[in-house]
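In what follows, a single structure is set out as structure tokens and then discussed.
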Amino acid sequence: MTFAAAAAAQPAVPLETLDHWLGDFRDRFNANVRAAKLTAGWDRRLLVDATDTARSVVLTVTGTRVTDIRDGAEGTGDTPFVTLSGEERTLIEIFAGRYNPSSAVIDGQLEVYSDARDKVKLEALAMVIWGL
Amino acid sequence: MPNALNLDGIALTREQGRWCRKAETLAREVLRPNAAEIDHGGIFPSANIDALKRSGLLALMIPTEMGGGGGDIVTAALVTEALAKGCVSTAMIYTMHQSTLPMLCALADAEQVERFIAPIVRGELLGAFAMSEPGSGNRIWHMDSHARKNGHGFILDSFKSFCTSAGHADFYLVPTRGNADAGATDLSMFWVDGDATGIEPKGAWDGMGLRGNGSRPLHFNQVHVPPIARLGGETTGFSFMMAYALPIYLVGLASCYLGLASAAFDGAIAHVKGRVHSDTQRSLATVETVQRYAAEMRCRIDQARATVLRVAQMSDNAVVLFNEFNTAGLLDEIIRDNPDDLYFVELAELKIIASEMAVDVAHTALQVCGGSGYKRGHLVERCYRDARAGSLMGPSDDTLKVIMGNQLLGTPQPWA
């Protein structure tokens, strides 16, 4: 492959951006049988809130699938919110599967606003999706 | 010297404090006065167990929804340490009972809760875990024996090498392979009533230490159990053991050795304060070498206690996660995929730290007490013998170090 061809083959969403890894997360989530079992009856909006860039994205989980990703703080539907808040670089590392979100919370790099059961659900999802 | 500031421990909840005071009182008023006689005669501490039944402590780890105390693993650690300061044989019996409960509660359906758990809540039953087999030794992740379906129920023919409370427990949890063709870790978990026909304790327990815990071989000789006695699936017992029994078991063992070491420390301190040399009219406490020994013992105990509490807290968090996987029907596959998760390495490390600490502290306490401590019947002499069991009890420290080493170095585990 030539450099030009390689450049042309780049995905529309550049690597190492939050958009890229949220899309990757959606694909992994929706292809994962265990994630589906874990999220049966667990419809939520995950608000991903980057504190340093003021970027907000909402992932909507309905019917055991990530059905929507959109900018803003509302998302779709009226399901309960789970908020993940941290610097964009940290959020990228987490959704790339390189940084265990539980470790990120312990390290003070991530704040999660939800009820306790939702936090456990996220921890379990991290384990089945990224093997963390 | 009283503490001017309460910097000596962790902040307990009111419930944790209540359980701890109950255990400390029991240890002081019942367990400690009986300990020497139990050790001397190698006697199972029935009076101590009756007191535990009356106290409600046997139901500490049963969730409140099932009528129990709702205690967590941190509370269990604190309670076990307190009991072990009074009598480590009794604390070990208690630990084995405790080790049955989280798994029992995780696996039991409504009928099994009524049949098996309700009597424990009422303080009627002491349990024991019958695990190790001659073929497995302390490699307790696999079993040779297997269950056999027999019309209405199962037949168990399983020889267990060491079973704390053998012949004394009111029930046993017995892991065996689910059937003749099942793999070594495809385990079923059975409840067996203590008075079931065919339960045969072998010989007498006459150990160097822990002489009261009745840790004899136990043969389940063609024991028939009804269908209700199988807890969970035919081959999922191993995963439930890893998730629900191993944490409380290893935290419990570590807490026993913590209590034992504290007792040895207290015994040594009492000795040096009371021993006065006639030429100087000064107590041993003024000897610099003894002061150094006291400090070393205290450092070792506090270091181990910090680890026990940290891993106990970690285990309470892990249980919440295991419950989530259990609810989703994923626990078995998740555990099988992650048998050497770092969490299990932490648990392994805990047992090694606590048992090595107990040997070191008991050794130092004996050194401090000199000839007095060496005499048969002295508290420190008993602690010295009791402590030596720690590294040998399955899984032995040597086995755990191999597991840890494999995990840390990325080499295959012995069960792989």
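As you go down the protein sequences, you meet chains A and B in turn. Quick note, the first sequence lines up with residues 1 to 132 if you use this note's numbering. Quick note, the second sequence lines up with residues 133 to 548 if you use this note's numbering. Backbone N, C-alpha and C define an ideal beta-carbon position, used for all residues, glycine too. Computed from a prediction, not measured in an experiment: that's the story for all the values here.
Checklist entry - If the cut is a Cβ gap below 7 Å, which residues of chain A does valine 452 of chain B touch? => result Simply Val120.
Checklist entry - Can you find at least 3 beta carbon pairs, one from the segment 195 to 211 of chain B and one from the segment 380 to 398 of chain B, that sit closer than 8 Å? => result A contact between stretches requires three or more CB pairs, one per stretch, nearer than 8 Å, and the segment 195 to 211 of chain B meets this requirement with the segment 380 to 398 of chain B.
Item to check | glutamine 545 of chain B burial status per 10 Å Cβ neighbour count (16 or more: buried) | outcome: Answer is exposed; the Cβ neighbour count stays below 16.
Checklist entry - How long is the line joining the alpha carbons of arginine 430 of chain B and arginine 437 of chain B, rounded to whole angstroms? => result A straight line joining the alpha-carbon of arginine 430 of chain B with that of arginine 437 of chain B spans about 10 Å.
Checklist entry - Would you say proline 134 of chain B faces chain A, with C-beta separation under 8 Å as the test? => result Unreliable positioning characterises proline 134 of chain B in this predicted model, as indicated by a pLDDT of 47, which lies under 50. The coordinate reading is nonetheless provided below. The beta-carbon of proline 134 of chain B is placed no less than 8 Å from the nearest beta-carbon of chain A.
Checklist entry - How long is the line joining the alpha carbons of valine 162 of chain B and aspartate 171 of chain B, rounded to whole angstroms? => result CA-to-CA, the gap between valine 162 of chain B and aspartate 171 of chain B works out to about 15 Å.
Checklist entry - Quick one, which residues of the segment 500 to 514 of chain B are near chain A if we go by CB-CB under 7 Å, in chain order? => result Against chain A - using a Cβ distance shorter than 7 Å - the segment 500 to 514 of chain B contributes no residues.
Item to check | Proximal residues to glycine 77 of chain A (C-beta, below 8 Å), its chain only, five neighbours per side dropped | outcome: Listed in chain order, the non-local C-beta contacts of glycine 77 of chain A below 8 Å within the same chain comprise Asp43, Arg45, Thr60 and Thr62, local neighbours out to five positions each way being set aside.
Next on the checklist: Can you find the residues in the same chain that come closer than 7 Å, C-beta to C-beta, to glycine 299 of chain B, ignoring five residues on each side of it along the sequence?
Outcome noted: Only Pro333, Gly346 and Arg348 meet the Cβ criterion.
Checklist entry - If you measure from the beta carbon of glutamate 197 of chain B to each beta carbon in chain A, is any gap under 8 Å? => result It does not; no Cβ of chain A falls within 8 Å.
Checklist entry - Taking buried to mean at least 16 other C-beta atoms within 10 Å of its own C-beta, is tryptophan 101 of chain B buried or exposed? => result Look at the range of chain B in this structure, 133 to 548, and you will see that residue 101 of chain B is not part of it.
Next on the checklist: Contact defined as beta carbons within less than 8 Å: I believe serine 320 of chain B pairs with phenylalanine 294 of chain B. What is the distance between those atoms, to the nearest angstrom?
Outcome noted: Cβ-Cβ separation between serine 320 of chain B and phenylalanine 294 of chain B: approximately 21 Å, too far for a contact (criterion under 8 Å).
Item to check | Proximity test, Cβ basis, 8 Å: glycine 461 of chain B and chain A | outcome: Chain A, which has a Cβ nearer than 8 Å to the Cβ of glycine 461 of chain B, makes this yes.
Item to check | chain A contact residues for phenylalanine 82 of chain B, given Cβ-Cβ distances below 7 Å | outcome: Since the displayed chain B opens at 133 and closes at 548, residue 82 of chain B lies outside it and no answer follows.
Next on the checklist: Below 7 Å on C-beta distance, what does arginine 45 of chain A contact in chain B?
Outcome noted: Against chain B, the beta carbon of arginine 45 of chain A has no neighbour under 7 Å; the closest one sits roughly 20 Å away.
Item to check | alpha helix (DSSP H) runs wholly inside the segment 184 to 239 of chain B, at least 4 long, in chain order | outcome: Secondary structure in the segment 184 to 239 of chain B: the alpha helix (DSSP H) runs of 4 residues or longer, each lying completely within the stretch, are 205 to 218 and 220 to 239 in chain order.
Checklist entry - Using a Cβ-Cβ cut-off of 7 Å (strictly less than) and excluding sequence neighbours within five positions of proline 134 of chain B, which residues of its own chain qualify? => result With a pLDDT of 47 at proline 134 of chain B, under the threshold of 50, the predicted position of this residue should be treated as unreliable, though the coordinate-derived value follows. Cβ within range, chain order: n/a, list empty.
Next on the checklist: Quick check on arginine 65 of chain A - is its C-beta less than 8 Å from some C-beta in chain B?
Outcome noted: In terms of beta-carbon proximity, arginine 65 of chain A stays away from the interface with chain B, with every pair separated by 8 Å or more.
Item to check | CB contact below 8 Å: leucine 59 of chain A versus chain B | outcome: Answer no: the Cβ-Cβ gap between leucine 59 of chain A and chain B never drops below 8 Å.
Item to check | Backbone CA spacing between glycine 330 of chain B and asparagine 353 of chain B [nearest angstrom] | outcome: C-alpha of glycine 330 of chain B to C-alpha of asparagine 353 of chain B: approximately 5 Å in a straight line.
Next on the checklist: If contacts are defined as beta-carbon pairs under 8 Å, then isoleucine 69 of chain A and arginine 26 of chain A qualify, I think. What distance do you get, rounded to the angstrom?
Outcome noted: Yes, they are in contact, since the Cβ atoms of isoleucine 69 of chain A and arginine 26 of chain A sit about 6 Å apart, within 8 Å.
Checklist entry - With burial defined as no fewer than 16 other Cβ atoms inside 10 Å of the residue's Cβ, what is the status of asparagine 180 of chain B: buried or exposed? => result The residue is buried, with at least 16 neighbouring Cβ atoms inside 10 Å.
Next on the checklist: So leucine 392 of chain B and valine 404 of chain B are supposed to be a Cβ contact under 8 Å. How far apart are they, rounded?
Outcome noted: No, leucine 392 of chain B and valine 404 of chain B are not in contact; Cβ-Cβ is about 19 Å, not under 8 Å.
Checklist entry - Which runs of the alpha helix (DSSP H) spanning at least 4 residues fall entirely within the segment 428 to 503 of chain B, listed in chain order? => result With a minimum length of 4 residues, the unbroken runs of alpha helix (DSSP H) contained wholly in the segment 428 to 503 of chain B fall at 463 to 469.
Checklist entry - Is there a Cβ from chain B that is less than 8 Å from the Cβ of leucine 110 of chain A? => result Answer no: the Cβ-Cβ gap between leucine 110 of chain A and chain B never drops below 8 Å.
Item to check | beta strand (DSSP E) runs contained entirely in the segment 47 to 74 of chain A, provided each spans 3 or more residues | outcome: Scanning the segment 47 to 74 of chain A for uninterrupted beta strand (DSSP E) segments of 3 residues or longer gives 55 to 62 and 65 to 71, listed from N- to C-terminal end.
Item to check | Supposed contact pair valine 491 of chain B and glycine 522 of chain B - C-beta distance, whole angstroms, cut 8 Å | outcome: The Cβ separation is near 7 Å, so the contact holds.
Checklist entry - Should the segment 366 to 384 of chain B be regarded as contacting the segment 194 to 203 of chain B, the criterion being three or more beta carbon pairs within less than 8 Å? => result No, the segment 366 to 384 of chain B does not touch the segment 194 to 203 of chain B.
Item to check | For alanine 191 of chain B and valine 253 of chain B, the rounded distance between their alpha carbons | outcome: Valine 253 of chain B and alanine 191 of chain B: Cα-Cα distance of roughly 5 Å.
Next on the checklist: Using beta carbons (cut-off 8 Å, strictly below), is proline 544 of chain B in contact with chain A?
Outcome noted: Not one chain A Cβ lies under 8 Å of proline 544 of chain B.
Checklist entry - With 8 Å set as the bound, which would you pick, yes or no: does the beta-carbon of arginine 34 of chain A sit closer than that to a beta-carbon of chain B? => result Taking Cβ atoms only, chain B reaches closer than 8 Å to arginine 34 of chain A, which makes this a yes.
Next on the checklist: Please state the DSSP three-state secondary structure of threonine 145 of chain B.
Outcome noted: Reduced to three states, the DSSP call for threonine 145 of chain B is coil.
Next on the checklist: Helix, strand or coil for threonine 367 of chain B? Go by DSSP, reduced to three states.
Outcome noted: Per DSSP, reduced to three states, the secondary structure at threonine 367 of chain B is coil, with no helix or strand assignment.
Checklist entry - Which residues in the same chain as tyrosine 425 of chain B place their Cβ atom closer than 7 Å to its Cβ, once the five residues preceding and following it in sequence are excluded? => result Cβ within range, chain order: Thr496, Gln499 and Val500.
Checklist entry - Which residues in chain B sit within 8 Å of leucine 84 of chain A, going by Cβ to Cβ distance? => result Result: empty, since nearest Cβ-Cβ is about 18 Å, beyond 8 Å.
Item to check | Local Cβ density within 10 Å of serine 221 of chain B, reported as buried at 16 or more and exposed below that | outcome: Buried.
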